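Remarks on the structure that follows.
Numbering (the UniProt record's numbering), first residue to last: 1 to 121.
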């Protein structure tokens, strides 16, 4: 087991929010990347789109997801999926931090994972 404990001191600005990226992690070989994300009250992540697939998992608090002209409530326990090229933003209009985990992947990450996996055998 290789456990990484949460430490808010490790959060860094990233896409308009505070985040701790999953990688680099020497012992982890995964076909995806991810980040613990905190959106402070009255702030929002940077609206963007990219070539990766992405999933957001709401962990605590409540926010609003904006994507392709739609808005939806996003709260602890919810999961959102964004296909490649889909614009998205997380808006925290509340009075407490909103915390979520983002996971993204593409074909190159999958191929790299497979290559590393075969080399480990």
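Even for Gly, the Cβ is constructed at its ideal location relative to N, Cα and C.
Computed from a prediction, not measured in an experiment: that's the story for all the values here.
For a quick check, are the C-beta atoms of residue 102 and residue 35 less than 8 Å apart? Between residue 102 and residue 35, the C-beta gap is smaller than 8 Å, which places the two residues in contact.
Does DSSP put residue 182 in a helix, in a strand, or in coil? Because the chain spans 1 through 121 in this model, residue 182 falls outside it and cannot be assessed.
Starting from residue 1 and walking both ways along the alpha helix (DSSP H), at which residues does that stretch end? Neither: residue 1 is in no alpha helix (DSSP H) and is coded neither H nor E.
Given residue 51 as reference, the closest of 15, 78 and 84 once Cα atoms are compared: Checked all of 15, 78 and 84; the closest Cα to residue 51 is 84.
Write down the C-beta distance between residue 29 and residue 88 rounded to the nearest angstrom, noting that I regard them as a contact closer than 8 Å. Residue 29 to residue 88, Cβ: 27 Å. No contact.
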